[in-house]
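In order, the protein sequences belong to chains A and B.
Read left to right, the first sequence gives residues 18 to 429 (this note's numbering).
Read left to right, the second sequence gives residues 18 to 429 (this note's numbering).
2 protein chains.
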Amino acid sequence: MNKQHDTKLKNDLLLRKKAEAFIPGGMWGHMHVKKLPYGYPQFFSKAKGSRIWDLDGNCYIDFMCGYGPNILGYKNADVDHAVNEQREKLDLGNGPSALVVDLAEKITMLVDSADWALFAKNGTDATTTCLTISRAATGKKKILVAKGSYHGSAPWCTPVATGVVEEDTSNLIFFEYNDSASLEVAEKKAGVDLAGIILTAFRHDVRRDQELPKKTFLEKAREICDKKNAVLILDDVRAGFRLNKRGSWVDYGVKPDLTAFSKAIGNGYPLSAVVGVDKLKQAASEIYVTGSFWCNATSMAASLKTLSIIEEIDVVAHIYYLGNNLRNGIHQIANNFGVEIFQSGPPQMPLILFEDDKGFSKGSKFVQYLLSKGIYFHPWHNMFLSLAHTAEDVDMTLDAVEYAMKKISLEF
Amino acid sequence: MNKQHDTKLKNDLLLRKKAEAFIPGGMWGHMHVKKLPYGYPQFFSKAKGSRIWDLDGNCYIDFMCGYGPNILGYKNADVDHAVNEQREKLDLGNGPSALVVDLAEKITMLVDSADWALFAKNGTDATTTCLTISRAATGKKKILVAKGSYHGSAPWCTPVATGVVEEDTSNLIFFEYNDSASLEVAEKKAGVDLAGIILTAFRHDVRRDQELPKKTFLEKAREICDKKNAVLILDDVRAGFRLNKRGSWVDYGVKPDLTAFSKAIGNGYPLSAVVGVDKLKQAASEIYVTGSFWCNATSMAASLKTLSIIEEIDVVAHIYYLGNNLRNGIHQIANNFGVEIFQSGPPQMPLILFEDDKGFSKGSKFVQYLLSKGIYFHPWHNMFLSLAHTAEDVDMTLDAVEYAMKKISLEF
């Protein structure tokens with residue numbers, strides 16, 4: 018198999034060699050393929066709709082959407098058009114364009130828990146700003162964080178502790194996601210110093226089954242925040258606009274005080290947002306957060322168009338429907354071959370893990386076989402569907418799954 | 018004067034009112050006009066070359082360049098063309114485009130102290146990553162920071178402490194920029210726990226005269242880092258590519274271990290970079306920093322083109338020459354009217370403060386008169402010149418300065 022991939026990824030492997038000379042480790046962060054099974058391209062040359070091409074011209078039906086941002090598909094023409102129109106006028110000036118107000122208005126209309134908004138670039142900017150607002154508003158320090166939840170890569174939240182000092186995390190108290198008792202223990206530890214609780218929309222930690230939030234758990238978090246005058250923060254960076262366009266907890270009836278958005282908010286154009294409820298507006302106006310590019314008007318134009326499309330077309334329903342078909346099809350195929358798998362999380366953000374799969378050996382083989390058939394799955398990070406995915410894409414994917422699952426059933 | 022501005026900024030003032038409903042305080046961060054004298058537009062509608070337009074159609078010759086990024090001028094056609102070409106292929110995929118390697122190679126060729134590079138979005142991402150790499154490499158915690166220097170808006174460095182907790186800054190030790198004795202005191206405080214020293218390219222703190230670095234001071238910082246096995250960090254976010262395209266300290270003969278770039282690196286397209294020397298490459302490969310949009314290929318295309326232009330045309334010489342003419346002209350005019358002013362810092366990044374000007378009352382009036390004549394100056398933040406500025410722009414600006422300075426001489 019490696020041989021075959023060597024041939025398929027000739028340019029990619031050559032460029033990786035060169036990259037090592039100029040980039041520490043050849044690449045950084047979540048897009049580094051070093052932890053992925055052999056056969057993943059490091060670099061890409063082209064993307065359109067649901068398809069992505071590597072440097073060697075191999076085309077894949079992509080189920081990662083750039084790790085989330087491409088909710089409408091790559092190179093959405095309407096979004097690009099809106100960006101071009103805005104760029105003809107202004108991208109970055111000495112202040113924002115009028116779009117900043119339009120976008121803040123739009124997101125407050127769209128998202129239930131948004132009475133106001135401010136914008137940044139990274140998801141990490143948004144989650145960090147949520148912590149700062151919480152502390153500004155409450156005058157307290159402690160933040161409750163679920164073990165293993167990803168909230169970004171600033172020192173307080175990066176999953177790799179190298180270069181992080183203890184003071185970066187000394188005001189965090191950890192608990193188990195979806196475990197109300199554990200949350201209450203953390204609350205007690207915080208005592209009178211509880212500033213806030215931050216939670217991802219659902220449990221989408223890598224390398225384990227995803228879990229939708231228990232309603233009672235979210236209600237417990239809300240109750241604690243109400244009781245202790247603390248701030249309930251929804252980190253909707255990864256899931257935002259894929260579960261519910263009005264905010265990922267709307268169906269649970271639990272209202273966060275602050276929500277961090279990014280990823281899908283501008284279909285790949287760099288933008289993040291903090292939105293919040295009225296009672297935190299004053300505190301949000303008193304902190305100082307900023308960045309050289311936080312006011313790029315093109316990203317705001319992209320976001321306005323993206324959110325309009327999400328409103329007008331029922332994107333959530335589309336990706337739920339296709340994701341569900343994909344899930345059912347995979348379930349059927351696995352069943353047929355007697356392979357035990359776990360499909361978890363919302364169908365729009367699927368994750369497939371194999372039973373009894375220490376070291377992800379089955380999962381790795383599975384995605385390698387899929388790659389060889391032109392399907393880009395991830396072995397242990399949740400995947401993403403987009404509006405550009407079609408029923409035909411799902412059918413083609415299921416054909417490849419049939420092939421890969423058969424191999425797995427024979428090899429393990 | 019306010020009346021006149023009310024008329025000039027009708028749409029702007031109306032939109033500010035609306036903004037207050039949807040954005041905390043009506044705006045956030047460094048682009049908020051609340052601290053500026055009356056008469057500054059909050060919003061902009063158009064920008065081209067050295068000109069910027071507000072919502073009411075008023076056109077200004079702009080000396081802020083979007084607070085730095087626009088080093089080639091707004092809407093540089095070559096940069097936009099490179100962006101468009103790349104976007105036709107790929108912006109954000111599941112990994113970077115090949116441009117990430119091209120750009121890392123280019124910047125290591127261009128910048129003296131760069132053996133490798135990695136890329137991010139915000140200047141703050143880059144400075145924070147420099148701290149993390151320093152701590153990872155040394156296993157130590159303390160960072161020496163000059164009082165009043167701006168390194169970004171993360172909790173460890175934001176100039177407004179609201180929402181910041183003491184642990185965010187408890188590993189920083191402060192000293193006075195350009196004061197070697199003060200640096201040595203800080204070094205002693207750090208003891209054996211010194212991880213690094215971070216310094217802006219020169220002292221460009223707001224609201225005070227700028228200071229170029231003393232060679233002996235930079236040498237002292239270098240010496241301390243060498244002696245204590247600590248990391249010398251150059252925060253070249255604001256000054257990068259305007260003083261010397263090969264790094265802002267090249268002319269001082271002092272080589273930083275890490276350099277943070279952003280702002281001008283992509284002529285307004287969002288990008289930042291950390292570059293470093295070989296001995297820190299391993300540590301840089303071991304930390305985990307990332308962001309959803311750090312691999313946008315369009316920003317890398319913009320940067321490649323921007324850096325090529327900076328290499329090919331002597332942009333530094335151009336903006337130095339014009340900045341110097343502007344400075345000399347202003348000096349002459351102030352002299353003629355007997356107004357005492359201080360022009361400080363490199364001519365490419367001018368700052369003009371008035372003698373005996375508590376509360377910036379003279380400076381504020383001065384920039385208001387300039388605004389009324391279509392010149393966008395800043396009263397207390399360093400300004401920026403770009404390749405798009407022309408000798409004619411300088412002449413027109415000096416005409417307006419003549420008018421404004423005369424007013425100042427009569428009113429104070």
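All residues carry an ideal CB built from backbone N, CA and C; glycine is no exception.
Contacts that residue i makes with chain A (C-beta to C-beta distance below 8 Å)
i, result
"Asp210/B", "Result: empty, since nearest Cβ-Cβ is about 10 Å, beyond 8 Å."
"Ser170/B", "Tyr305, Val306, Thr307, Gly308"
"Ala121/B", "Ala36, Phe39, Ile40"
Nearest residue (CA-CA) to residue i, options the options
i, options, result
"Asp142/B", "Met400/B, Ala417/B, Thr276/B, Gly340/B", "Thr276/B"
"Phe136/B", "Leu402/B, Ser320/B, Asp185/B, Leu370/B", "Ser320/B"
"Ile190/B", "Leu72/B, Thr179/B, Asn261/B, Glu204/B", "Glu204/B"
"Val177/B", "Ile150/A, Val294/A, His335/A", "Ile150/A"
"Asn356/A", "Met366/A, Phe383/A, Tyr337/A, Leu343/A", "Rather than Asn, the amino acid found at residue 356/A in this sequence is Val. With distances taken between Cα atoms, Val356/A lies closest to Phe383/A."
"Arg259/A", "Ile330/A, Val117/A, Gly208/A, Asp185/A", "Ile330/A"
"Asp210/A", "Met366/A, Asn342/A, Arg152/A", "Arg152/A"
"Lys298/A", "Ala131/A, Val118/A, Lys123/A", "Ala131/A"
"Asp274/A", "Phe354/A, Thr155/A, Ile88/A, Gly169/A", "Thr155/A"
"Asp268/B", "Phe219/B, Gln227/B, Thr315/B", "Phe219/B"
"Ala318/A", "Ser114/A, Arg239/A, Lys296/A", "Ser114/A"
"Gly391/B", "Asn28/B, Thr24/B, Gly42/B, Asn75/B", "Asn75/B"
"Lys52/A", "Ser378/A, Thr414/A, Asp412/A, Lys322/A", "Ser378/A"
"Asn139/B", "Met126/B, Gly169/B, Glu122/B, Asn111/B", "Gly169/B"
"Gly270/B", "Leu26/B, Phe278/B, Glu240/B, Ala281/B", "Glu240/B"
Cα-Cα separation between residue i and residue j, rounded to whole angstroms
i, j, result
"Pro364/B", "Leu107/A", "27 Å"
"Met18/A", "Gly85/A", "Low confidence applies here, because Met18/A scores a pLDDT of 46, under 50, leaving its location unreliable; read the following figure in that light. Roughly 29 Å between the two C-alpha positions."
"Leu120/B", "Tyr167/B", "26 Å"
"Met422/B", "Lys92/A", "52 Å"
"Val291/B", "Ala134/B", "6 Å"
"Trp311/B", "Ala417/B", "42 Å"
"Tyr337/B", "His47/B", "25 Å"
"Glu100/A", "Ile160/B", "What sits at residue 100/A in the sequence shown is Val, not Glu. Going by the C-alpha atoms only, they are around 41 Å apart."
"Glu184/A", "Gly213/A", "18 Å"
"Leu109/B", "Ser403/A", "14 Å"
"Val332/A", "Ile326/A", "8 Å"
"Ala38/B", "Leu72/B", "19 Å"
"His49/B", "Gly285/B", "18 Å"
"Tyr393/B", "Glu328/A", "40 Å"
"Ala334/B", "Gly362/B", "16 Å"
"Lys272/B", "Gly257/B", "14 Å"
"Asp253/B", "Gly208/B", "27 Å"
"Tyr77/B", "Gly90/B", "13 Å"
"Ser346/A", "Asp222/A", "For the sequence presented, residue 346/A should be read as Gly rather than Ser. Their backbone Cα atoms lie some 24 Å apart in a straight line."
"Lys157/B", "Lys206/B", "13 Å"
"Leu343/A", "Phe192/A", "33 Å"
Beta bridge counterpart(s) of residue i as assigned by DSSP
i, result
"Ser426/B", "In the DSSP output, where bridge partners are listed per residue, Ser426/B has none listed."
"Thr217/B", "Asp252/B"
"Thr276/B", "Leu251/B, Val292/B"
"Cys312/A", "Answer is none; Cys312/A lacks a bridge partner."
"Gln360/A", "Ile369/A"
"Gly66/B", "Tyr91/B"
Proximity test, Cβ basis, 8 Å: residue i and chain C
i, result
"Trp133/A", "The structure shown contains no chain C; its protein chains are A and B."
8 Å Cβ cut-off: residues of chain B touching residue i
i, result
"Ile150/A", "Gly180"
"Met81/A", "Asn111"
"Thr144/A", "By Cβ distance, chain B contributes nothing, its closest Cβ being about 12 Å from Thr144/A, past 8 Å."
Listed by chain order, chain A residues near residue i by CB distance under 7 Å
i, result
"Ser114/B", "Phe60, Phe61, Ser62"
Neighbouring residues, chain B, relative to residue i (Cβ below 9 Å)
i, result
"Met317/A", "Going along chain B, no residue has its Cβ under 9 Å from Met317/A, so there is no contact; the nearest lies around 12 Å."
Partner residues on chain A for residue i, Cβ-Cβ distance less than 9 Å
i, result
"Asp331/B", "Simply none; closest approach about 24 Å."
"Ser279/B", "Gly308, Ser309, Phe310"
Partner residues on chain B for residue i, Cβ-Cβ distance less than 7 Å
i, result
"Lys106/A", "Ser62, Lys63"
"Thr301/A", "In the sequence on display, residue 301/A carries Ala and not Thr. The answer, in chain order, is Pro41."
Does the pairing of the stretch 400-410 of chain A with the stretch 49-68 of chain A give three or more beta-carbon distances under 8 Å?
yes
Segment contact flag, the stretch 300-307 of chain B with the stretch 131-151 of chain B, C-beta cutoff 8 Å, min 3 pairs:
yes
Evaluate contact between the stretch 236-254 of chain B and the stretch 101-116 of chain B, counting only Cβ atoms and requiring at least three cross-stretch pairs below 8 Å.
no
Three or more beta-carbon pairs under 8 Å between the stretch 25-33 of chain B and the stretch 50-61 of chain B, yes or no?
yes
Count the C-beta pairs between the stretch 391-398 of chain A and the stretch 367-380 of chain A that are closer than 8 Å, then say yes if the count reaches three, no if not.
yes
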